[in-house]
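Participant:
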Amino acid sequence: MSEVTKQIHKRNPDFVPFGANCKLYERFLVISLGTGTTSEEKYDAKEASEWGALGWLIGPDFAAPLLDIFTQASSDMVDFHLATVFQALESPDNYLRIQDDTLSGTLASVDIATSENLNDLIKVGENLLKKPVSRVDFGTGKGKPVHPDITNQEALIRYLNIVYIHHQIHN
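Per full-length UniProt numbering, the very first residue in the sequence shown carries number 1; after that it's consecutive.
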């Protein structure tokens, strides 16, 4: 989306200005697959206030608090931006975010590649497909079902059908 906006501002003739035909944005379908977030609060403000510079780099249990916070903030900003753009374009169903906000223990770590953990992550993914389509509630930062009767799997199939039909029409 950002690249499209750049091209419009550069007056690239291949891109129609936003105001000229807002309906063109309905063609965009975005699938955002998250790596999951933990349901546990990792850092405590009182504890963090005593860390000092080194503590922010190498925190408790050799975690990297500064990196964790920047990574989570970046993910949250992208999700917020895309959700807001699609809402403003009156096409909120064209943005599908699939993310598990309840991970804990080794499932919440991105660097534990044991067979057991990978198999558990596969199960998490399979369960996510069965859950209802959700969007981030920006008040809580957690996913909230918006279509309780439509699963992530059904939404993905809808996207695939749209892309397939578009491909058939244009080829």
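Beta carbons are placed, not taken as given, at the ideal position from N, Cα and C, and that holds for glycine.
Every value quoted in this text rests on a predicted model; they were computed, and no experiment measured them.
1. Any contact of the region 96-112 with the region 127-138, i.e. 3+ C-beta pairs under 8 Å?
2. Taking 8 Å as the threshold, find out whether the region 145-159 comes into contact with the region 106-115 through three or more Cβ pairs.
3. With DSSP as the reference, please indicate the residues paired to residue 151 in a beta bridge.
4. Quick one: Cα of residue 64 to Cα of residue 51, how far?
5. For residue 164, write down the residues that DSSP places opposite it in a beta bridge.
6. In three-state DSSP terms, what is residue 95?
7. On the CB-based measure, 16 or more other CB atoms within 10 Å of its CB, does residue 85 come out buried or exposed?
8. What does DSSP give as the partner residues of residue 144 in its beta bridges?
9. Name the DSSP bridge partner or partners of residue 32?
10. Under 8 Å between the Cβ atoms of residue 159 and residue 69?
Facilitator: Looking at the atomic coordinates:
1. yes
2. no
3. 132
4. 12 Å
5. In DSSP, residue 164 forms no bridge with anything.
6. strand
7. buried
8. 135
9. 97
10. no
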